[in-house]
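Protein chains in written order, with this note's numbering: chain V, 1 to 432; chain W, 433 to 864; chain P, 865 to 1296. Cβ coordinates follow ideal geometry from the N, Cα and C atoms, glycine included.
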Amino acid sequence: MKLPEMKALYVGVLAVSMSTGALAGTVTSDGPDVVIATTGGFKAKTADGNFAFKLGGRMMWDYDYVSGVYTRNNTDAQKDAHGHNLRRARLELSGKAYKHWEYIFTVNVPGGGRDSTAASAFNDLGISYTGWDGHKLFVGKGKEPFGLEEQTSSKSITSIERSMMWDATDSDSQTAWGVRYDGWADMFTWSLGLFDQGYVDAGSGSADYAMTGRFTVAPIAEAGNVLHFGAAYRMVPEGNAADSDLFDLSPGVSELANHGTADNKFEEDLAAATSAVESDSQYGLEALWIGGPFSLQAEYFHRDIEYDRQKTAVADEEVTGWYLYGSWVLTGESRGYKAGKKGAVADIVKPKGKDGAWEIFARYDTIEADQAGAVTDPEVDAITLGANWYVNKNVKLAMNWTTVEIDGFTQNYTAGQDDDGDALLFRAQYGF
Amino acid sequence: MKLPEMKALYVGVLAVSMSTGALAGTVTSDGPDVVIATTGGFKAKTADGNFAFKLGGRMMWDYDYVSGVYTRNNTDAQKDAHGHNLRRARLELSGKAYKHWEYIFTVNVPGGGRDSTAASAFNDLGISYTGWDGHKLFVGKGKEPFGLEEQTSSKSITSIERSMMWDATDSDSQTAWGVRYDGWADMFTWSLGLFDQGYVDAGSGSADYAMTGRFTVAPIAEAGNVLHFGAAYRMVPEGNAADSDLFDLSPGVSELANHGTADNKFEEDLAAATSAVESDSQYGLEALWIGGPFSLQAEYFHRDIEYDRQKTAVADEEVTGWYLYGSWVLTGESRGYKAGKKGAVADIVKPKGKDGAWEIFARYDTIEADQAGAVTDPEVDAITLGANWYVNKNVKLAMNWTTVEIDGFTQNYTAGQDDDGDALLFRAQYGF
Amino acid sequence: MKLPEMKALYVGVLAVSMSTGALAGTVTSDGPDVVIATTGGFKAKTADGNFAFKLGGRMMWDYDYVSGVYTRNNTDAQKDAHGHNLRRARLELSGKAYKHWEYIFTVNVPGGGRDSTAASAFNDLGISYTGWDGHKLFVGKGKEPFGLEEQTSSKSITSIERSMMWDATDSDSQTAWGVRYDGWADMFTWSLGLFDQGYVDAGSGSADYAMTGRFTVAPIAEAGNVLHFGAAYRMVPEGNAADSDLFDLSPGVSELANHGTADNKFEEDLAAATSAVESDSQYGLEALWIGGPFSLQAEYFHRDIEYDRQKTAVADEEVTGWYLYGSWVLTGESRGYKAGKKGAVADIVKPKGKDGAWEIFARYDTIEADQAGAVTDPEVDAITLGANWYVNKNVKLAMNWTTVEIDGFTQNYTAGQDDDGDALLFRAQYGF
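So, in structure tokens, the structure goes:
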């Protein structure tokens, strides 16, 4: 027999030998050839690349111990608290038809009971067209193109929670409705979009949109050897109103809030006069270096809000934040990086050995707000140390310890209360 | 080698040649032979026809510009409005077991945020038995058998929104709990069901049910050549109460309402004295002609509500509506038709060329209410022009322009306001 | 050709002969060999046992006629009520990755409309590790290990509704967040877990946990021949508060409550002073015998709540319940039993003939509460007769008739009202 025949027989023999005693049933396609896989979830695609289907999901289950400013009351009577938290649980469908038409359909499902009783809702939902090489058009609900850590999947970030600055942006990882264009070529990527700000202008009855764009360059983008820089800008067109929770200086810990009726997060919201905003803009700078098992990642963020002096006495506001962290994968693997069309974002550590990969990291994270004429400018500084065990490609177990110090807070804070706190977070994460 | 052997080897060779460098893994069944397919979603069935599984979904994303009576306030201060709208997003499972037992399990998921925050809920959910040839029994949540456009899938209707009359029926496309029997033979179909009206009788504490039936005949039912007539009747048994929102003369535009706290729909509800209803009945007539790329579709609807003169002074009410539209598929394809057991409904245009199919249509649509003794009888007339691009079997892009004129409105309307309005609707639709 | 070659060709020939006229497309895996199946839902697993994916669901659609104490008002004006009820509808995903890491992800979806408008929420959601032989660790939302009927799937219980005692436990079939360890060896199983009680301690701001454990022994555990005994214990650590709805003596009928605004269930809640609970513990005893087509099942339950005399005058409370039922599968099949690692629970009757399996059963079910010093101790006795038609492995049709008598009720009851009632329940169940 010639070689092709041999292979054919080999395939057949495998099929037969797999059946437990009886002859295995065949599986065929009634259309083009199909290739399938299960890696916890399920995938099917046609061999010609025209059609694809993928069903998976993620779940992140946390247990948190917190003290000081992290507690709900921050009083002597309540020095600490602890509890579980279903941080994320998401069903994820995606696929494509006729080669260039892709869809994404991911649903957040709440835990019910004491955990969030919010209604299920889409996280990402939309349609992409990829028919022009190097370009992608998306319409639907998705992320605004701003920031490296924000663009990176919650499954792939190094720390349990993203840095504090993201709560202060108006482009945070909560997805928004809009249209988005992505392009890529060589070492560059660029993205631009219009995104619903989440409310209707009272006067016009119409939705208002923010313009958001991001540009990245990755002069080095090989496995285990990455150098990436990026910048992003976001503005709300003149006359539109800013988001009402302008600066949420939440200390970045997972939301124990879900465990009670009150919000556990210790926040400071700056004065907001939403209907009098004259301009609201923000920019971000990002850098990532991966060298074998080591990596450094940093981002800087600045936001400016100016008010119409004829409509309000509220002073103009600025928020500035940055973070820097370094990570070391003790078992020698590297953090991943998805270049070009994949979004110019970081990817999860994929363990090579059968005992998984171990990573440690340290992060410094700070954010401050500055309001013209204010006596005190609220500021938060945080240091996080963490260890990750990437058990396999699906399972990640993580432990983070964060110590935080606040200064100049006037809301949710009275003199004599703790101005610092600690959080010890555990996470079990499963991506399927 | 003999032919069967040759084919076997051919299948094997295909399998091998598909793998990228390495030998492809085999896929077998541990039971009967299975046939699978992915066309964006995923299907699997046993070759013997006994078992089947299908997972898909739909999403419809609209952008709307409206003016005049379509705006929330219909005031000089607000002459127009615009915004996006997640019109439908649905996860759809269905399947069968042991040949004659089918299930359907489709879930509407809301967009969250400013889009509907309603809880996820089933659209269709139920069990069918198909063991008697030409007959089907269904128990669960599904559509009442009333009307051609209503029975037709929202993916397959010609216009972005159905005609105005459906909001005035009490059998609209919102699914209802009940039992339904469908039969078919030759050119005929007939359906009959009992459907929960959506409330509990205050006196008895029991659910009340409407009886709904539909009969169709399709003397011609070939691909591209269809002639279809139908009639339907619905009544609520004596003593039961009518739906409380009797006549919602919404102008048929997609719901900008979702974008704000108030309802953007310009409605006129006739007086309703639900507990004093003596009889509530409606009938509908339907006609469809498809001749190659051309089609004509029309329906007529009439509803009568009579009140118990001893319980209320509210006058008896009548609502009458009809529509007529013609469509032309410029690229030569025909609108589809699902005859007999498929439900005697229209089907989507399936593009044949690689550039998709283009269709244009024009519709006249009118509805009026008549209350005994009322000075003015509210009436709405609308003309819609639209163009559809069926990009492929999964993707449809549509643009509709509707101009509407109202008369005799007394609610949500004050003298001097606009009595007309325009709506320009865009839709991106993906069925997977 | 040698035998392996012959088999290979046979597989190929099957694949080809299945295609309708044209050559069928191939289906291969791009990783390890995959085995798939559809039995209404869909399953895929790798032949090496390392990865698996399963998607299915369940729906239970009831129609209920009730009278007397089962009605909402229990007045002469309302002697009976009837209505449909979507009792359960659940989407069920589960799978594993890297052999020892399993996930479960099941979502309850409400019916919408008059049926429950509760938000979708997880029923079971979590991660298991099975790497140690005979042991399983679970973290997430799942059942507490207490009771035979409670551990048995709602698809597999004999009656339409479980026995009354489960509403009086604080470990009922509603899943709870926690960690659970299961072990098994020979004829024994043991389970132990910590489970969130569903509220936050007002003082500490932390979640409180109950400890629950179960032990079973099955000296006989063959198909159609089973003898099983079990015991379980649950306690809430001192200082923690008890669930606020302590004793819900609901008569066990499906929830017509969903059909109205008021709760249709005729309940008696004993006095509860949740913050003054000194100890809250419960234990259960279970026995099951299966002998061919016959089976007997019984459980006993006792719960004690003691209050802190310094904080409250509420007297200590006890609840005691038990049930016994016998079933006979007329067509000769046996009830199933899942031994050892499968959970030591009962399983559904699997029909062997093509006309399905028929089963009849009779149950006596009683529960009473005893409060120190109370004049009357509420008690409920119920007799249920039922018939099940297991049409096939997916579909079960059931009819239950229950007659109930209450005594000593003081809440939701006034002298002169009926103290008994009947319920006739129908269920159509589909597991896919």
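By DSSP's criteria, residue i is part of a beta bridge. Which residues make up the other side?
i: V:His84; result: V:Tyr63
i: P:Ala953; result: P:Met923
i: W:Trp754; result: W:Tyr732 and W:Thr798
i: W:His567; result: W:Gly615
i: W:Ile792; result: W:Trp760 and W:Ala819
i: W:Phe485; result: W:Ala476 and W:Gly527
i: V:Lys141; result: V:Leu125 and V:Trp177
i: V:Ala287; result: V:Phe229 and V:Ala298
i: W:Ser461; result: V:Gly25 and P:Ile900
Could you tell me how far apart the beta carbons of residue i and residue j are, in whole angstroms, since I believe they sit closer than 8 angstroms?
i: V:Ser29; j: W:Ala476; result: Between W:Ala476 and V:Ser29 the Cβ distance is about 10 angstroms, and since that is not below 8 angstroms, they are no contact.
i: V:Lys338; j: V:Asp347; result: 5 angstroms
i: P:Thr890; j: V:Asp33; result: 5 angstroms
i: V:Tyr307; j: V:Trp322; result: Between V:Trp322 and V:Tyr307 the Cβ distance is about 25 angstroms, and since that is not below 8 angstroms, they are no contact.
i: P:Gly920; j: P:Gly1155; result: Not a contact, Cβ separation roughly 31 angstroms.
i: V:Gly134; j: V:Ala185; result: 5 angstroms
i: V:Ala344; j: V:Thr175; result: Actually they do not touch by this definition, with Cβ atoms about 18 angstroms apart.
i: W:Pro577; j: W:Gly645; result: 6 angstroms
Looking at the C-beta of residue i, does it have a partner C-beta in chain W at a distance below 8 angstroms?
i: V:Val27; result: yes
i: V:Leu192; result: no
i: P:Thr1248; result: no
i: V:Asn258; result: The predicted position of V:Asn258 is uncertain, since its pLDDT is 37 and thus under 50; no value can be drawn from it.
i: P:Trp1186; result: no
i: P:Asn1258; result: yes
i: V:Trp101; result: yes
i: V:Trp132; result: no
i: V:Val236; result: no
i: P:Asp897; result: yes
i: P:Thr903; result: yes
From the beta carbon of residue i, is the nearest beta carbon of chain P less than 8 angstroms away?
i: V:Ile36; result: yes
i: V:Pro110; result: yes
i: W:Ala529; result: yes
i: W:Asp628; result: yes
i: V:His84; result: yes
i: W:Lys770; result: no
i: W:Phe864; result: no
i: V:Ser120; result: yes
i: V:Ala428; result: yes
Are the C-beta atoms of residue i and some chain V residue less than 8 angstroms apart?
i: P:Tyr1003; result: In the sequence as displayed, the identity of residue 1003 of chain P is Val instead of Tyr. Closer than 8 angstroms to some Cβ of chain V, the Cβ of P:Val1003 qualifies, so yes.
i: W:Tyr561; result: no
i: P:Gly1285; result: no
i: P:Thr844; result: An answer regarding residue 844 of chain P cannot be provided, because it is not within the stretch 865 to 1296 covered by chain P.
i: W:Met492; result: no
i: P:Phe1079; result: no
i: P:Thr1076; result: no
i: P:Asp894; result: yes
i: P:Ala908; result: yes
Next item on the list: Please determine if the segment 1285-1292 of chain P and the segment 1048-1062 of chain P are in contact, where contact requires at least 3 C-beta pairs separated by less than 8 angstroms.
Entry: The segment 1285-1292 of chain P and the segment 1048-1062 of chain P do not touch, with fewer than 3 CB-CB distances between them shorter than 8 angstroms.
Check: Using 8 angstroms as the Cβ pair cut-off and three pairs as the minimum, do the segment 320-337 of chain V and the segment 358-367 of chain V touch?
Finding: Touching, yes.
Next item on the list: Answer yes if the segment 120-132 of chain V comes into contact with the segment 42-62 of chain V, meaning at least three C-beta pairs across the two stretches below 8 angstroms, and no otherwise.
Entry: The segment 42-62 of chain V makes no contact with the segment 120-132 of chain V, as fewer than three CB pairs between them are under 8 angstroms.
Notebook entry, point to check: For the segment 593-603 of chain W against the segment 573-584 of chain W, are there 3 or more C-beta pairs whose distance is under 8 angstroms?
Noted result: Enough Cβ pairs lie closer than 8 angstroms, so yes.
Next item on the list: Evaluate contact between the segment 942-951 of chain P and the segment 362-377 of chain V, counting only Cβ atoms and requiring at least three cross-stretch pairs below 8 angstroms.
Entry: No, because fewer than three Cβ pairs between the segment 942-951 of chain P and the segment 362-377 of chain V fall closer than 8 angstroms, the two stretches do not touch.
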